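In my numbering, the protein residues as written are 78 to 224.
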Amino acid sequence: MRLTLTIPAEPIAQGRPRFSSRGGFVRAYDPKKSRDWKAFIASFAEQMMRKSGYEKPTDVPLKVRARFAFSLPKSRWRKRTPVEAQWRSQKPDLDNLFKAITDACEGIVYHNDSQIVKVVVEKIMVAQGEPPYVAVVFEEAGDFNGA
């Protein structure tokens, strides 16, 4: 089984947890931006699962491929020779981008993130004029061949 999600939005990283104190107890919570992004991803994943007929695998090792494509800042646009797609080596960190996706999809696309055994993730800037997106592919990892 394979599920492909192509989310037409600017990628957002998992934010640092925030803390509040109420009644002498400290409580940790997600920042609003992260919470909203994860809710959007979860909703999008559920819709795509219904459309594609994907069923949540149980106890199956999964391989995940993800591409986080950021828009090119207007200050980098060129009139004569449009800027092509390129690697993005600025913040946010790749692991925080991926964590937001896996947190949002846990319990929806798969039971537990311990099922993920192989990951290929990249972060790019799209070509001039192209829209940003997040593309994620979930599929069974298959047999281990020792490589």
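Built from N, CA and C at the ideal position, the CB exists for glycine as well.
Predicted model only: the values in this text are computed from it and were never measured.
- Which runs of the beta strand (DSSP E) spanning at least 3 residues fall entirely within the stretch 98-149, listed in chain order? 102-106 and 139-147
Alpha-carbon to alpha-carbon, ILE89 and SER120:
16 Å
Could you check what DSSP says for GLY163 in three-state terms: helix, strand or coil? Sequence check: residue 163 is Gln here, not Gly. Correct three-state label for GLN163: strand.
Subject >> Same chain only: Cβ atoms within 7 Å of GLN91, ignoring 5 sequence neighbours per side >> reply: SER111, ASN173, LYS176, ALA177 and ASP180
Quick one: grab the DSSP three-state call for LYS176. helix
#### Entry: Limits of the unbroken beta strand (DSSP E) element including ALA212
210-217
Using CA coordinates, which residue listed in ARG165, GLU216, SER152 and ALA105 is at the minimum distance from LEU82? GLU216
message: Is the separation between the beta-carbon of ALA162 and that of VAL203 shorter than 7 Å?
response: yes
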